[in-house]
Amino acid sequence: MKANRFYSPGCALLLSLFLSACGDQNTRSPVQTPGAEKSTKTKVLEAGADVLQGKEPLRNMNIYLDGFHFYNGNMRGQMEAHHFCTKLNEDVIQAVIFDGNTASAKIMGVEYIVSRRLFEKLPDEEKKLWHSHRHEVKSGTLVAPGLPDAAEHELMEQIVSTYGKTIHTWHTDRDKELPYGGPQLMMGFTQDGQIDTAMVGQRDRRMKISTAEKRRQRADIPAPDVLPGADAWQQGEVRQFEVTQRASAAHQH
-16 MKANRFYSPG CALLLSLFLS ACGDQNTRSP VQTPGAEKST KTKVLEAGAD
34 VLQGKEPLRN MNIYLDGFHF YNGNMRGQME AHHFCTKLNE DVIQAVIFDG
84 NTASAKIMGV EYIVSRRLFE KLPDEEKKLW HSHRHEVKSG TLVAPGLPDA
134 AEHELMEQIV STYGKTIHTW HTDRDKELPY GGPQLMMGFT QDGQIDTAMV
184 GQRDRRMKIS TAEKRRQRAD IPAPDVLPGA DAWQQGEVRQ FEVTQRASAA
234 HQH
């Protein structure tokens, strides 16, 4: 098994085990969007579209991960993030991030995950936008809800050496109606003492898991050193998006 690969050749069984529904482990969105209830006409149209329209990109989102992010440059802004992922190839995964895992969940943003091999090839300035997954895996805070322990362990063996670039577009930890403001670059935790343990505890109770037990189970997972450039905020190299005003092309001379 190569460290720069997400899955071993024998992972067909593992993939077949991925579940996107969690039974009594469901997490409801904390956001109540304004607007009128769906009309009967809308519901009929949705039912027809569900049957007639292709949804291949959605069907390929067969990996579900639950973890935690914080705003780059503001570690006090922490939130749980539900990732529904598609494996594009052996080195790239893309994920749509929600604030829950029920029908009412709101899309918070996206994350792109690359292997160690691809991260090494990124330009130095680009690397500063990415975070490592080493601590998230080894600490037990990143989980794959619904998977048997053995299957989750194999998945985490592959994720531990990867890197993620995460952008949130709806900050549901504070915007409880609609997505306000601009996108924000998010980071992952890199050591003990950073994450809000009460937030983790709430997740564990809701999903009936133990982060501490996950950590113990993953003690045998080899964890390579984090490559230079990732987690740049730790060296004071904070990068963040800002909404700025500028003249349109028609008004420029």
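Residues in the sequence shown are numbered consecutively from -16, following the numbering used here. Glycine included, C-beta positions come from ideal geometry on N, C-alpha and C.
- Boundaries of the beta strand (DSSP E) around L168: Q167 to M170.
- Per DSSP, reduced to three states, the secondary structure at G147 is strand.
- In the three-state reduction of the DSSP assignment, M44 falls in the coil class.
- Secondary structure in the region 30 to 74: the beta strand (DSSP E) runs of 3 residues or longer, each lying completely within the stretch, are 46 to 54 and 57 to 70 in chain order.
- Residues H118 and D214 of the same chain have their beta carbon placed closer than 6 Å to that of T173, with the five preceding and five following residues left out of the count.
- At least 8 Å separates the beta-carbon of Y54 from that of A127.
- Taken atom to atom, the span from the alpha-carbon of K197 to that of G164 is near 36 Å.
- DSSP places A78 in the strand class (E or B) of the three-state scheme.
- Each of V14, D107 and M62 was checked against the Cα of E220, and the nearest Cα belongs to D107.
- Under the three-pair Cβ rule at 8 Å, the region 172 to 188 counts as touching the region 57 to 70.
- In terms of Cα proximity to I142, the closest of K121, R222 and Q217 is K121.
- Under the three-state reduction of DSSP output, G92 falls in the strand class.
- When the beta-carbon positions are compared, I150 and V93 come within less than 8 Å of each other.
- By the criterion of at least three beta-carbon pairs nearer than 8 Å, the region 188 to 206 is not in contact with the region 18 to 34.
- Per the coordinates, the alpha-carbon of T85 lies some 6 Å from the alpha-carbon of R11.
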